[in-house]
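Q:
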Amino acid sequence: IKVPDYEMVSKNKDFGGYRIIHGDDLTVEQFTALPALIQSKLAKQIGEFLSVLHGLPTEIFSMDVLAPLDVRDPAYYARRFIDKRRYEIVEAISVELLSRIDRFYEKFSEMESLAHKITHGDLQADHILLATSKDAIAGVIDFTDATVWDPARDFAVFWGYGEEVVKEIYENY
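According to the numbering used here, the residues represented by the sequence shown are 444 to 616, in order.
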């Protein structure tokens, strides 16, 4: 599975460029339209990819090629929700649901992160590229939110593809 190979990086590391990785977003619709054998192959590739990513030594964040990142704990994401996301949803959902979400983030902020591995941090359908042949994962892009945190975060997107897909990815992890 290809990942961005940054050939050009600005001096202050706030911008980088790489050769395009061709493919289509691996949306739930794209995935479910594929034959079961191809779905299984993709789940295997994703599981193996995540295994390699999460197996990288966390020390690479101290290398010159990567900007150093802090370990992001649950409180970081709770603050991020309150500061940046809550106002976007407040008028679109019921008061009861907003209250439940607020309680979730309150409890979430108190949690300790048990596993500290390198994670993609923003794995979603438009960051996983399906090869144009529709039979393999072409690449994974947008590592902007890569960090050291709980690797379970990188599995979250796959619940939208179904519990069996999550299980198959995990079996190949």
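Heads up, the beta-carbon is just placed ideally off N, CA and C, and yes, glycines get one too.
(1) Would the beta-carbon of I464 fall within 8 Å of that of I571?
(2) Is DSSP giving Y449 helix, strand or coil here?
(3) Can you name the residues that DSSP bridges to L573?
(4) In whole angstroms, give me the CA-to-CA distance for E614 and G490.
(5) Which of helix, strand or coil does DSSP assign to L509?
(6) Might you give, ordered along the chain, the residues of its own chain that have their beta carbon closer than 8 Å to the beta carbon of P517, omitting 5 neighbours on each side?
(7) Excluding five sequence neighbours on each side, which residues of the same chain lie with their C-beta closer than 6 Å to the C-beta of D588?
(8) Since I believe L541 is in contact with Y616 (beta carbons under 8 Å), could you give me their beta-carbon distance rounded to a whole number of angstroms?
(9) For D569, which option in F474, E450, Y449 and Y461 has the closest C-alpha, if you only look at C-alpha atoms?
(10) Entirely within the region 523-573 and at least 4 residues each: give me those alpha helix (DSSP H) ranges in chain order.
(11) Would you report the Cα separation of G582 and A599, rounded to the nearest angstrom?
(12) As a quick exercise: from R596, T590 and L480, pick the residue whose alpha carbon is nearest that of Q567.
(13) Look at the alpha carbon of R638 and the alpha carbon of E539, and state the distance between them as a whole number of angstroms.
(14) Closest by CA to E549, which one among Q488, E534, K560 and R529?
(15) If you count every other CB in all the chains shown that lies within 10 Å of the CB of I612, and 16 or more means buried, which is it?
A: In brief:
(1) no
(2) coil
(3) D467 and I580
(4) 7 Å
(5) Residue placement at L509 is poorly supported in this model, since its pLDDT is 47, which falls under 50; the coordinates still yield a value, given next. It is coil, neither helix nor strand.
(6) F551, S552, E553, M554, E555 and S556
(7) G564 and D565
(8) With 8 Å as the limit, Y616 and L541 do not qualify as a contact, their Cβ atoms being about 34 Å apart.
(9) F474
(10) 529-532 and 538-553
(11) 18 Å
(12) R596
(13) Outside the displayed range of the chain (444 to 616) lies residue 638, so it cannot be described from this structure.
(14) R529
(15) buried
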